[in-house]
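**Student:** Pasting a structure below so you can have a look.
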Amino acid sequence: GARRKIGVAVDLSDESAFAVRWAVQNYIRADDAVVLLHVSPTSVLFGADWGPLPHTPQSPGTPHSQQKLEDDFDAFTASKAADLAKPLKEAGIPFKIHIVKDHDMRERLCLEVERLGLSAVIMGSRGFGAEKRGSDGKLGSVSDYCVHHCVCPVVVVRNPDDKDVGNAQPVVTVKEAEVEEEGGKG
1 GARRKIGVAV DLSDESAFAV RWAVQNYIRA DDAVVLLHVS PTSVLFGADW
51 GPLPHTPQSP GTPHSQQKLE DDFDAFTASK AADLAKPLKE AGIPFKIHIV
101 KDHDMRERLC LEVERLGLSA VIMGSRGFGA EKRGSDGKLG SVSDYCVHHC
151 VCPVVVVRNP DDKDVGNAQP VVTVKEAEVE EEGGKG
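Taking the UniProt record's numbering, the leading residue of the sequence shown gets 1, the next gets one more, and so forth.
In C-alpha cells, the structure reads:
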C-alpha cells in the first residue's frame, strides 16, 4: 500500500518518551514517514498574564525579557523533542519534528493531524498537562479529546504504572476513524 505517515504526539513527559519507544517497538514500520508532533503553549506562562513576578532582577514586563524567556523555552522544547526522538534515531527510522504553538493544545493537535495528512497518531494516555479533573471527576484529557475528534485512528499507549510491574504490557486503545451517526430518532 501507500507509505504510511505516522504521528507521535509528544509533550515533555515520561509518558511521551514511553509512547515513542512503544511506537518504535510495536507500531512503526521501516518505510513509514514519522512526525513527532508537539503543541507548545503560546506563552511560557501558558497563555496567562500573571503580572510581574517577584524576585526577578529586571521587570518581566519588558518585551526583551519576555522574548528571552520564550526563546529559552523554545530552545528547551526543541532539545527535549530531540531527546524524545532517540529511539527513532537508534532504529534508523527517518522522522521530522513538528512544533506548533497554540493556547488550545487539544484542538490544535487534531487540526495538525489533519493538516499533515497523518495515517494514525500515537500518544501517551497521560501527560500534556491533562490530569485536570472536572467537577464531575472525569479526566478531561488530551488523549480522550483526540480519540473523539481526530480524523485518523488514535493509538493511546498507557505507560504501565509501577504497581503493574507484573504486567509489563502497556494497555493500548485504538480508535479507528469512522463516520459517526448522530443518535436519536428522526
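Positions of the beta carbon are idealized from the N, C-alpha and C atoms, including for glycine.
Do L36 and H98 have their C-beta atoms within less than 9 angstroms of each other?
**Tutor:** Taking C-beta atoms as the reference points, L36 and H98 count as a pair closer than 9 angstroms.
**Student:** Is there contact between the segment 112-119 and the segment 141-159, where contact requires at least three CB pairs shorter than 8 angstroms?
**Tutor:** yes
**Student:** Between which residues of its own chain and L12 is the CB-CB distance below 6 angstroms, once the five residues before and five after are set aside?
**Tutor:** Cβ within range, chain order: K80.
**Student:** Using a Cβ-Cβ cut-off of 6 angstroms (strictly less than) and excluding sequence neighbours within five positions of K96, which residues of its own chain qualify?
**Tutor:** V35
**Student:** One question on the structure: do I122 and A19 come within less than 9 angstroms of each other, judged by their Cβ atoms?
**Tutor:** yes
**Student:** Quick one: what does DSSP say L69 is sitting in, helix, strand or coil?
**Tutor:** helix
**Student:** Kindly identify the DSSP beta-bridge partner or partners of F18.
**Tutor:** In the DSSP output, where bridge partners are listed per residue, F18 has none listed.
**Student:** Please list the terminal residues of the continuous alpha helix (DSSP H) segment that includes S13.
**Tutor:** From DSSP, S13 is part of no alpha helix (DSSP H); its letter is neither H nor E.
**Student:** Does the distance from the CB of A23 to the CB of R3 come in under 9 angstroms?
**Tutor:** no
**Student:** Go ahead and label N159 buried or exposed: buried means 16 or more other beta carbons lie within 10 angstroms of its beta carbon, across all protein chains shown.
**Tutor:** Buried, since its Cβ has 16 or more Cβ neighbours within 10 Å.
**Student:** Where S143 and K89 are concerned, what is the direct C-alpha to C-alpha distance, given to the nearest angstrom?
**Tutor:** 25 angstroms
**Student:** Kindly indicate which three-state DSSP category H64 falls into: helix, strand or coil?
**Tutor:** helix
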